[in-house]
Amino acid sequence: MKFGYFDDVRKEYVITTPTTPYPWINYLGSQEFFSLISNTAGGYSFYKDAKLRRITRFRYNNVPLDLGGGRYYYLYDEGDFWSPGFSPAKKELDSYECRHGMGYTIIKGKRNDVSTEVTFFVPMDFNGEVHKVIVKNEGESKKNLKLFSFLEWCLWNADDDDRNFQRNFSTGEVEVKGSVIYHKTEYKERRNHYAFFSVNAPIAGFDSDRESFIGTYGGFDAPKAVVAGQSTNSVADGWSPCASHSVEISLEPGETKELVFILGYVENPVEDKWESKGVINKKKAEEMIAKYATVADADKGLAELKESWEKLLSKYILESEDDKLNRQVNIWNQYQCMVTFNLSRSASYFESGVGRGMGFRDSNQDILGFVHQIPDRARERIIDLASTQLESGGAYHQYQPLTKRGNDAIGGNFNDDPLWLILAVVAYVKETGDYSILDVMTPFDNDMSKATPLADHLKRSFDHVINNLGPHGLPLIGRADWNDCLNLNCFSTEPGESFQTTTSKDGKVAESVMIAGMFTYIGELYARLMEKIGKQEEADRADSEVAKMRQVIMKDGWDGKWFIRAYDDFGKKIGSDECEEGKIFIESQGFCVMGSCGIEDGKAIEALDSVEEKLGTKYGLVLNNPAFTKYVVEYGEISTYPAGYKENAGIFCHNNAWIMCAEAVVGRGDKAFDYYTRIAPAYLEDVSDVHRTEPYVYPQMVAGKDAKRFGEAKNSWLTGTASWNFIAISQFILGIQPDYDGLMVNPAIPKDWNGFKVTREFRGDVFKIEIQNPNHVSKGVVKMIVDGSEVAGNVIPVVGDGKEHSVTVIMG
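By UniProt numbering, the letter at position 563 of the sequence shown is numbered 563, and the numbering carries on one by one without gaps.
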């Protein structure tokens, strides 16, 4: 069942009912000010950090689900009232539509012959959210209406806001001047920032105290002020500050009223906080309001935002015979990659924004799918990440985006983390040709007195693996590897203990075959980078260590038909046919094959065949099989989930992409693309009622075959799935891979494809690439023609003239 449709021309998903299976959201902002907005205008806004600079309040897991908070509007019409986005009033609408686009959302609703359209967006280079509201009288008689706005202020620290009520009920402060409501809680003390909510029209009234607006026992569905058709002009003094305007609108038949509301964030220098005693300095806010003072100004800002996204998405354009594939690659996958780059795993409808911040592993992977869009921002992020690395080569697992300091609460010792830094840097250098990043003096633990060149950080990342090997010569797992729930040194027996931070063992026995596979793949990339910058001795050393690891994997990591997953603290195999449950895991199959383990003797193919046989389902590949049915203390959190959910035999879309890549490595393009279509959102729109999350973005996981809700997705938007699936399709299946000296072309496509075209911007040039497959092979390039001349090999050379170049590639 569908709940909307794709509008590819406008690059929008159009939702045709407010009652989607779960709130379907979009993200506004791509720089420093961000907002989450659902198809009924729920969600919240923040500046840089969803924990420390939360601007509007939101209640997770709220009842009702869609009334956790948002930027709400109400129309009052002679005793009747409704919301143009259905919620929060929940009055039946005569028509409804929500369009989620690239950085903007448009919600339309009609009732009582009054149509309302609200466009929400965050303009470029602007720390605020603009709402363009259009109200039209489509009836035959005059309408005397009131428009009420409403949002609720968060008291900045979202974690504290949600629990420290003995203080917070006494701290809220606002100022009201004209049509602007200013949120200045804690501004008189240590804060130098405030927020505001404005409208570009005279107001009939306002409210800044929530209880006055909704009533002591009222709700967002029928606020006291809206029901009465009259604001109370309340000024918050503690309790729960809010911001609500009421605007009188009189419309003759066919007449339209247009308004602009702005939700903004301002920082003032400490020495320039005040206009006069107790009155905040409003100069910056007034400048922001003036910038979008008219509807024409708002339209211009929206046009600039759309133009920015057109430019970003023009850097990689696929033309294939499959419209769903084109849609997925050209629009929604790249859009999601931008969102995950900006927010890592911090703020979604499944991540509260107060816990994870920016993940070291997560953010390094997010760079892979984003670096072609804005390389300069990727460069900056790499340095931020490397600055949280420790001198040992390990790293803080997370850091807060506002402070860029490592998160002590979670710490480090996730032994896969260091390798992801190498992968991100290699991707950046291949994309840009900018080797200077390797010379950037980069601190350890943000201490510049300990700074060394970034190249040294990569060496320490590489050495962190070989300096932490277990009894078999495989990498020690630490607290966990990529699978945060495989906690082989935890042994938790106390309810409520964190599996990730509780360690009961010395960590000298439990080993990860997945990290070993990563090391063979990423270590090879490290060696080639060192070779490229003239460090041949280091390259040779790296090659030697990678070769040793491959031997160890084939000796102690091969189970007979697939690669085992790990060894536990007792030296017993995990992910082996010897096990009662969890006989095979997906992660080690993907990375060991990507790392060229078992390629020559056919074991790689055997492992991948086992993946399809043991892990395959119509909705994707499950993480492990059979599912765990009881708690295994020596394995940790993985065995706590019900069978089929999350890491316990759920379909983790993230590592499905590794199998796509592995299948492409061995030349099985049909199989790689089959796996791709099983989890790509564009191919799943028809089962939206089963899938439940947004049909335009990847979720983290889908309930596996053992689950009671097989096929149901969770944790959409913020997932490494976005980046890795873009890499799987663009670089491994379509096979256009950035390399040091150009674009390597090495497709692994379904045999029945006739070919495809890609427009790829690369280092200032634009390459118009046509892949022809006359013999219907899956892999192999026999001829390449660049600008009319045949080129030896399969690498399109960098031209560097900033012009468009024609490339024809013949497969065979």
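A virtual CB, placed ideally from N, CA and C, is assigned to each residue, including glycine.
Bear in mind that the values here come from a model prediction, so they are computed numbers and not experimental data.
Boundaries (first-last residue) of the beta strand (DSSP E) holding residue i
i	result
Q700	P699 to V702
Q772	D765 to Q772
C490	Per DSSP, C490 belongs to no beta strand (DSSP E) and is neither H nor E.
L145	K143 to W156
D209	G205 to D209
K450	D447 to P453
S716	A713 to S716
F46	S45 to Y47
D80	D80 to W82
E442	Correcting the residue identity first, residue 442 is Thr in this sequence and not Glu. It spans M441 to F444 - the beta strand (DSSP E) in which T442 sits, taken as one unbroken run.
S35	F33 to S38
V799	Per DSSP, V799 belongs to no beta strand (DSSP E) and is neither H nor E.
F197	H193 to V199
L75	Y72 to D77
V174	V174 to K177
N61	Element bounds for N61: n/a, residue is neither H nor E.
L28	I25 to L28
residue 813	The requested residue 813 does not occur in the structure, where the chain is confined to residues 1 to 812.
I15	E12 to I15
Terminal residues of the alpha helix (DSSP H) in which residue i lies
i	result
I785	That residue, I785, is in no alpha helix (DSSP H); its beta strand (DSSP E) goes V781 to V786.
P418	D417 to T432
P375	P375 to A386
I605	K603 to L615
R54	That residue, R54, is in no alpha helix (DSSP H); its beta strand (DSSP E) goes R54 to T56.
Y5	Note, Y5: premise wrong, no alpha helix (DSSP H); beta strand (DSSP E) at G4 to D7.
V227	K224 to A228
V295	V295 to L313
V690	S688 to H691
L525	V513 to K532
V593	E587 to M594
L476	Here L476 belongs to no alpha helix (DSSP H), and DSSP marks it neither H nor E.
V339	N333 to L343
L368	F360 to F370
F220	Premise fails: F220 is in no alpha helix (DSSP H) and is neither H nor E.
I727	T721 to I727
F165	F165 to N168
Residue i - partner residues in DSSP beta bridges
i	result
K757	E319 and E770
V130	F121 and I262
D739	G742
Q551	The partner list for Q551 (beta bridge, DSSP) is empty, contrary to what the question assumes.
residue 844	This structure leaves residue 844 out entirely; the chain is present only between 1 and 812.
L621	G616
residue 857	Examination of residue 857 is not possible in this model, given that the chain is present from 1 through 812 alone.
E790	I785
Residue i, buried or exposed, once every other Cβ within 10 Å from all chains shown has been counted against 16
i	result
Q700	buried
A643	buried
A792	exposed
R190	exposed
E252	exposed
K132	buried
N61	exposed
S806	exposed
F732	buried
P64	exposed
residue 813	There is no way to answer for residue 813, as the model of the chain reaches only from 1 to 812.
S344	buried
> Looking at C-beta atoms only, is the number of pairs between the region 470-483 and the region 411-424 that lie closer than 8 Å three or more?
Replying inline: yes
> Curious, which full-length alpha helix (DSSP H) runs of at least 4 residues does the region 646-673 contain?
Replying inline: 653-665
> Given 8 Å as the limit, is there contact between the region 697-717 and the region 647-658, that is, 3 or more CB pairs closer than that?
Replying inline: A contact exists between the region 697-717 and the region 647-658.
> Can at least three beta-carbon pairs, one atom from the region 232-249 and one from the region 204-212, be found at a separation below 8 Å?
Replying inline: yes
>> Quick test of the definition: if touching needs 3 or more C-beta pairs under 8 Å, does the region 160-170 touch the region 269-277?
In response: no
> At what residue ranges does the region 84-120 contain a whole run of the beta strand (DSSP E), taking only runs of 3 or more?
Replying inline: Unbroken beta strand (DSSP E) stretches of 3 residues or longer found wholly inside the region 84-120: 95-100 and 104-111, given in chain order.
> Between the region 280-287 and the region 254-270, are three or more C-beta pairs nearer than 8 Å?
Replying inline: yes
> Would you call the region 107-124 and the region 72-81 in contact, with 3 or more CB pairs under 8 Å?
Replying inline: At 8 Å Cβ cutoff, the stretches touch.
>> Under 8 Å: do the region 655-665 and the region 585-601 share three or more Cβ pairs, one atom per stretch?
In response: yes
>> For the structure I just gave you, are there three or more beta carbon pairs, one from the region 386-401 and one from the region 755-766, closer than 8 Å?
In response: no
> Residue ranges of each beta strand (DSSP E) run of no fewer than 3 residues wholly in the region 235-290, ordered along the chain?
Replying inline: 241-251, 256-267 and 274-276
> Below 8 Å, can you find three or more Cβ-Cβ pairs linking the region 520-535 to the region 561-571?
Replying inline: no
> Do the region 688-695 and the region 14-27 make contact, defined as three or more Cβ pairs closer than 8 Å?
Replying inline: yes
> Is there contact between the region 73-92 and the region 109-124, where contact requires at least three CB pairs shorter than 8 Å?
Replying inline: Enough Cβ pairs lie closer than 8 Å, so yes.
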